[in-house]
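What follows is one structure encoded as structure tokens, with my remarks underneath.
There are 2 protein chains.
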Amino acid sequence: MITVLAGGTGSVKIVRGFVAQDSKVNVITNVGDNYWMYGLYVCPDIDTIVYGLADLLDQEKGWGIKKDTFNFLRQMEVFGEETWFRIGDRDAATNLLRTNMLKNGKNLSDITKWMCKKFAVTANVIPVTDNTIETRITTNKGEIHLQEYWVKYRGMDKVEGIQYIGSDKARPNPEAINAIHDADIVILAPGNPLTSIGPMLQIKGIRKELSKIKRKVVAISPLIGDNAISGPAAKYMQAAGIESNAYGLAKMYSDVCSNIIVDTKDKALVKKIQSLDMRVFETKITMKNKLAEDALANFILKQVHV
Amino acid sequence: MITVLAGGTGSVKIVRGFVAQDSKVNVITNVGDNYWMYGLYVCPDIDTIVYGLADLLDQEKGWGIKKDTFNFLRQMEVFGEETWFRIGDRDAATNLLRTNMLKNGKNLSDITKWMCKKFAVTANVIPVTDNTIETRITTNKGEIHLQEYWVKYRGMDKVEGIQYIGSDKARPNPEAINAIHDADIVILAPGNPLTSIGPMLQIKGIRKELSKIKRKVVAISPLIGDNAISGPAAKYMQAAGIESNAYGLAKMYSDVCSNIIVDTKDKALVKKIQSLDMRVFETKITMKNKLAEDALANFILKQVHV
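So the protein lines, in turn, are chains A and B.
Position one of the first sequence corresponds to residue 1 (this note's numbering), numbered consecutively onward.
Position one of the second sequence corresponds to residue 1 (this note's numbering), numbered consecutively onward.
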């Protein structure tokens, strides 16, 4: 059994890769970027994973449903509402039904299971917690929700800090704890280490459970050299005082993880990472197509004996 | 000042006709066909009037926004939800914002004003009441909401009765009372007399106010001969024990209305209607285009001296 801790856009490819290799995959998903918009509860990371596994994801954008239309949003614009958060028309239905279920007392775990069933997704997608965690970014202009920072303001301002509001009180999802405990191998997907994987590691129970089995935990670097393959990972790492390369990542994960996959281009960092008592595996970590997703997942399952 | 009591599809044309003639038009709208769907509060008659006046109405269907897409609904179908009530993607935005405002304590009158403002509709659209009235149809198979009867089951079953749940306790909108009281002329639009105009006449305060100024009230027949120009008016009238022609309509309205516009084809009914102490005006009542809408409104304003 494989358990993957995943964010959204940066993580979905390798999640798909593992699901293609193994029939028993758990995906523990980040909830720190969930957001309320028009009274709808939007869960970008959960939806990206579910849509991705259902082969419905808009691959080009990395979020939303492919070929979705945006007339709901266009009408919101007519009404003078904010439209920076791009909810598609089909996507709006997902968000509305989820919100209705939440208001009727269902928890996010059950709702996510319902969603997987409706989309015929066989992987077990588990929100890391049913409590609220909110990833907030401090910039020189003030503190705002991650979605506002990255989507609304397009990540323009200097990041001065990152907070995970609610993470200290969030109860880890018992199913997530079991999925870590029972797994043959646990993967930290190449999502943003601060805003996708980070919020999950901030939950004490998750961190503790991972640290217990850290020999089985394999992180995949989202960076090549000093830069992220996509997204603002490097920027957030620098803001958090972390070296923005595979070594910085390894150091950040070293309490919960004993294995790291780095790009062959990062050969120069291998020794330094090994000094953290971590095993380092070099391969091609960019995944430009389905073949590359499968190849990376397969490499990990074949080469990294945990 | 002109005040029109209006339903949706059958009423919007003449409403548009009057708005083209006069800058001060009040439209008192039916709420008996409002319906909850996916947790959204849908107001078909209000929306048909507002979309119609904003030149956004899908003229062919007679409801919804023209050129709207239906991907929200398509996704609802994927989720196994009922989709017989056709909410378009842009329409979903209207319904969501209205529902949010209701839940935040706004009443339907204020929400409708907000909507008119957003769509640059200058007519004063007034829900007949801010309370709930539900028009329900009794068939041989049981009692169901009007929308279910007409949209979900396509009006297949025999109608045995019509109820207006809540109409006895509904407080008339004070603005509607004023709009009737202050009007130079009050029009009963050619909406369905049982399910569009009927629910409004069931509110005691509305009925009383109309009866006080019945000499100023002009009804437009939605029937030619024994048949409705469109929709199930004849069927409902028969079920209610009312003759399904302009005479039956006149009799039904005779407490609240002293003038009726009938089609020239209904010449044979004129004397019988006059015996109800009503003035009868004959003209062409079908409105196939904008010119015909204007012509009928103009005929009434010029010929019917109230």
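Ideal Cβ placement from N, Cα and C applies to all residues, glycine included.
Pair within 8 Å by beta-carbon distance, residue i and residue j
i, j, result
"lysine 216 (chain B)", "valine 186 (chain B)", "yes"
"serine 258 (chain A)", "glycine 10 (chain A)", "no"
"threonine 195 (chain A)", "isoleucine 162 (chain A)", "yes"
"isoleucine 49 (chain A)", "valine 31 (chain A)", "no"
"alanine 189 (chain B)", "valine 15 (chain B)", "yes"
"isoleucine 285 (chain A)", "isoleucine 197 (chain A)", "no"
"glycine 52 (chain A)", "arginine 86 (chain A)", "no"
"asparagine 192 (chain A)", "tyrosine 164 (chain A)", "no"
"alanine 123 (chain B)", "valine 19 (chain B)", "yes"
"threonine 135 (chain A)", "valine 125 (chain A)", "no"
"arginine 239 (chain B)", "leucine 223 (chain B)", "For the record, residue 239 (chain B) in the displayed sequence is alanine; it is not arginine. It is not a contact, given that the beta carbons lie outside the stated cut-off."
"leucine 102 (chain A)", "phenylalanine 79 (chain B)", "no"
"threonine 29 (chain A)", "alanine 179 (chain A)", "no"
"isoleucine 144 (chain B)", "valine 159 (chain B)", "no"
"glutamine 21 (chain A)", "alanine 297 (chain A)", "yes"
"tyrosine 41 (chain A)", "asparagine 107 (chain A)", "no"
"alanine 176 (chain B)", "isoleucine 213 (chain B)", "no"
Residue i burial status per 10 Å Cβ neighbour count (16 or more: buried)
i, result
"serine 167 (chain B)", "buried"
"glutamate 293 (chain A)", "buried"
"glutamine 147 (chain B)", "buried"
"lysine 13 (chain B)", "buried"
"histidine 181 (chain B)", "exposed"
"threonine 264 (chain B)", "exposed"
"leucine 291 (chain A)", "exposed"
"glycine 241 (chain B)", "exposed"
"serine 244 (chain B)", "buried"
"isoleucine 268 (chain B)", "The sequence as given places alanine at residue 268 (chain B); isoleucine does not occur at that position. Exposed is the call here."
"aspartate 184 (chain B)", "exposed"
"glutamine 303 (chain B)", "exposed"
"proline 199 (chain A)", "buried"
"glutamate 209 (chain A)", "buried"
"glycine 7 (chain B)", "buried"
"aspartate 321 (chain B)", "Nothing about residue 321 (chain B) can be reported from this structure: the residues present for chain B run from 1 to 306 only."
Proximal residues of chain A, C-beta to C-beta of residue i below 9 Å
i, result
"lysine 118 (chain B)", "Val78, Phe79 and Gly80"
"asparagine 100 (chain B)", "Tyr38 and Gly39"
Unbroken beta strand (DSSP E) run spanning residue i, endpoints
i, result
"proline 127 (chain A)", "124 to 127"
"threonine 48 (chain A)", "Not the beta strand (DSSP E): threonine 48 (chain A) falls in the alpha helix (DSSP H), residues 44 to 53."
"arginine 279 (chain B)", "279 to 283"
"leucine 5 (chain A)", "2 to 6"
"lysine 268 (chain A)", "The residue asked about is misnamed: residue 268 (chain A) is alanine in this sequence, not lysine. From DSSP, alanine 268 (chain A) is part of no beta strand (DSSP E); its letter is neither H nor E."
"glycine 198 (chain A)", "Glycine 198 (chain A) -> not in any beta strand (DSSP E); alpha helix (DSSP H) instead, spanning 198 to 201."
"valine 256 (chain A)", "From DSSP, valine 256 (chain A) is part of no beta strand (DSSP E); its letter is neither H nor E."
"glycine 142 (chain B)", "142 to 145"
Where the alpha helix (DSSP H) containing residue i begins and where it ends
i, result
"leucine 301 (chain A)", "290 to 303"
"tryptophan 114 (chain A)", "108 to 118"
"leucine 102 (chain A)", "89 to 103"
"asparagine 178 (chain B)", "174 to 182"
"asparagine 71 (chain B)", "71 to 78"
"methionine 237 (chain B)", "233 to 239"
"glutamate 209 (chain B)", "204 to 212"
"alanine 246 (chain A)", "246 to 253"
"isoleucine 162 (chain B)", "No alpha helix (DSSP H) contains isoleucine 162 (chain B), which is instead part of the beta strand (DSSP E) from 159 to 165."
Listed by chain order, chain A residues near residue i by CB distance under 7 Å
i, result
"phenylalanine 72 (chain B)", "Phe72, Asp89, Arg90, Ala92 and Ala93"
"aspartate 68 (chain B)", "Asn71"
Chain-ordered neighbours of residue i on chain B, where CB pairs are closer than 9 Å
i, result
"leucine 96 (chain A)", "Tyr38, Gly39, Leu40, Phe72, Met76, Ala92 and Leu96"
Count Cβ pairs between the stretch 166 to 183 of chain A and the stretch 130 to 137 of chain A that sit closer than 8 Å; are there 3 or more? By the Cβ criterion, the stretch 166 to 183 of chain A is in contact with the stretch 130 to 137 of chain A, since at least three pairs of Cβ atoms, one from each stretch, lie closer than 8 Å.
Counting pairs of Cβ atoms below 8 Å between the stretch 147 to 160 of chain B and the stretch 271 to 286 of chain A, do you hit three or more? These segments do not touch.
Could you tell me whether the stretch 69 to 79 of chain A touches the stretch 78 to 96 of chain B, where touching means 3 or more Cβ pairs closer than 8 Å? Cβ pair count under 8 Å is three or more, so yes.
Between the stretch 45 to 62 of chain B and the stretch 36 to 45 of chain A, are three or more C-beta pairs nearer than 8 Å? Contact fails: fewer than three Cβ-Cβ distances are below 8 Å.
Counting pairs of beta carbons, one from the stretch 243 to 251 of chain B and one from the stretch 264 to 275 of chain B, are three or more of them closer than 8 Å? Yes, since at least three Cβ pairs between the stretch 243 to 251 of chain B and the stretch 264 to 275 of chain B fall closer than 8 Å, the two stretches touch.
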